[in-house]
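Working notes, beginning with the structure itself.
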Amino acid sequence: MKAARLTTPGGLQNIFIDEVADPGQPARGEIRVALHASSLNFHDYLVATGASPAADGRVLMSDGAGIVEAVGEDVTEFKVGDSVVSCFFPQWAAGPAFTDVGNFGGTPGDGIDGMAAEYVVRPVSAFTHAPKGWSHAEAATITTAGLTAWRALVGDGQIKAGDTILTLGTGGVSIAAIQIARMHGAKVIVTSSSDEKIARAKELGATAGVNYRTNPEWAEKVLELTNGKGVDHVIELGGPGTLAQSIQAVRVGGQISLIGVLTGLQGDVPTALMMAKQVRLQGLIVGSKLQQQEYVVALEASGVKPVIDKVFPLDGLADAFEYQISGAHLGKICLEW
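Residues in the sequence shown are numbered from 1 upward in steps of one, following UniProt numbering.
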């Protein structure tokens, strides 16, 4: 079968399509899945470029969606023909985070071979059902970006009607956050360097937007939009380069979900302001299988579908990463095969 693999030390020029051994039939507690789609995340990019080192020959990509082809003995959760989507942490069934999800050792496309392949055989813990009626590309957006936004706002944030959310940028996590917030009757402010993207985000449900290029002190604009109060919850994707302004923009007693490190790995934090505002700063990486199952239920009930910006073939993975890092996209970039 075909798979997209990476030669160490990484780099987009070291991604190659290889013929690898078929994984065979599932053993007890396993399922065989014919994969047909994946979606790109910043974590995948870090692995592909070697910034997050992986084993030589690693099959790339955390996200995968496809059809169950065979089930092993004692499998009752899935049947042949079911549409399924992968889990970022196959070892995390439910409950709070624990030691084994403190790194990427069990994450597809990083610590173990990923989903950029025609077939996989994995334990039932590695997949959930996909939303009914969704394409494989649409389902593949759930694993990382969608579930991250769901956990931040619902699992950790416990948002409610009338809340105001601030999300940074218009990538996959932010667009999912807009949709999840609107499901719960919350308002959303989005930041972007593009007025065109802000307008598109408003079409998708955002209530306001701030251009951070024309308003470099964008937290002040967010405070204006909230009558000086600040937002209830920040989806913080920038990291150290934006965290200070996120702390300024959040209300007293509000929450910041630290999800991304797009501006670097460390930096100064205004701890006095954070303490004065009694802000809850929650670092998080994706979520559990149970949270993914709950997210799928909510998606089916709401009728919301993901926003896919562009789709590439499997052998166009390097081009897809180039497009991702250009920042031209709004929503998710997917692979289909």
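Backbone N, C-alpha and C define an ideal beta-carbon position, used for all residues, glycine too.
Just confirm the distance between the C-beta atoms of residue i and residue j, as a whole number of angstroms; I'd bet it's less than 8 Å.
i, j, result
"D82", "H129", "6 Å"
"A149", "A176", "4 Å"
"L330", "I235", "Rounded, the Cβ-Cβ distance is 16 Å, inconsistent with contact."
"G157", "Q293", "Going by Cβ atoms, the distance from G157 to Q293 rounds to 19 Å, so no, they are not a contact pair."
"A48", "L6", "6 Å"
"I189", "L166", "5 Å"
"T214", "S192", "That belief does not hold up - the Cβ atoms of T214 and S192 are roughly 11 Å apart, past 8 Å."
Distance check for residue j and residue i, CA to CA, integer angstroms please.
i, j, result
"A152", "S194", "25 Å"
"K305", "L299", "7 Å"
"G238", "S246", "10 Å"
"F78", "M61", "23 Å"
"S174", "G24", "38 Å"
"P53", "K221", "39 Å"
"E30", "V296", "21 Å"
"G114", "D63", "8 Å"
"V250", "L273", "11 Å"
"A126", "G72", "14 Å"
"V80", "V154", "32 Å"
"N227", "I308", "34 Å"
"T76", "E69", "14 Å"
"A27", "A140", "25 Å"
"E322", "E138", "21 Å"
"V311", "I142", "16 Å"
"Y119", "T8", "23 Å"
"G111", "A55", "8 Å"
"L314", "C87", "20 Å"
"V210", "E217", "10 Å"
"H43", "I259", "11 Å"
"D22", "D232", "49 Å"
"V59", "M1", "12 Å"
"H184", "T207", "14 Å"
"T242", "E19", "43 Å"
"A244", "V279", "12 Å"
"T271", "R32", "49 Å"
"K229", "L223", "6 Å"
"P96", "Q291", "11 Å"
"L281", "G253", "10 Å"
"V124", "V269", "41 Å"
Any idea what DSSP makes of residue i, helix, strand or coil?
i, result
"H184", "coil"
"Y212", "coil"
"I165", "strand"
"H136", "helix"
"E300", "helix"
"R200", "helix"
"K332", "strand"
"A70", "strand"
"E118", "coil"
"G254", "strand"
"S288", "coil"
"S83", "strand"
"L35", "strand"
"I112", "strand"
"A27", "coil"
"G171", "strand"
"T143", "helix"
"T107", "coil"
"I178", "helix"
"T191", "strand"
Looking at the unbroken alpha helix (DSSP H) that takes in residue i, where does it start and where does it end?
i, result
"residue 390", "The structure shown has nothing for residue 390, since the chain only spans 1 to 337."
"K310", "Segment 308–313 is the beta strand (DSSP E) holding K310; no alpha helix (DSSP H) there."
"E77", "It is not in any alpha helix (DSSP H) - E77 carries neither H nor E in the DSSP assignment."
"P240", "240–249"
"S326", "317–326"
"K277", "271–277"
"A149", "147–150"
Taking the continuous beta strand (DSSP E) assigned at residue i, which residues delimit it?
i, result
"D18", "15–19"
"F127", "127–129"
"L281", "280–283"
"V231", "231–236"
"E220", "Note, E220: premise wrong, no beta strand (DSSP E); alpha helix (DSSP H) at 218–225."
"A4", "2–6"
Are the C-beta of residue i and some C-beta of chain D separated by less than 8 Å?
i, result
"V297", "Protein chain content of the structure displayed is limited to a single chain, and chain D is not contained in it."
Can residue i be considered in contact with the ligand SAH, in the sense that its beta carbon sits closer than 7 Å to one or more heavy atoms?
i, result
"V222", "Judged by which ligands are present, the structure shown has none, so any question about the ligand SAH falls away."
Legend entry - the stretch 91–107 in contact with the stretch 281–288 per 3-pair CB rule at 8 Å: yes
Legend entry - the stretch 189–203 in contact with the stretch 130–147 per 3-pair CB rule at 8 Å: no
Inset, instruction - Evaluate the contact criterion for the stretch 4–14 versus the stretch 94–103: three or more CB pairs, one atom per stretch, below 8 Å. - result: no
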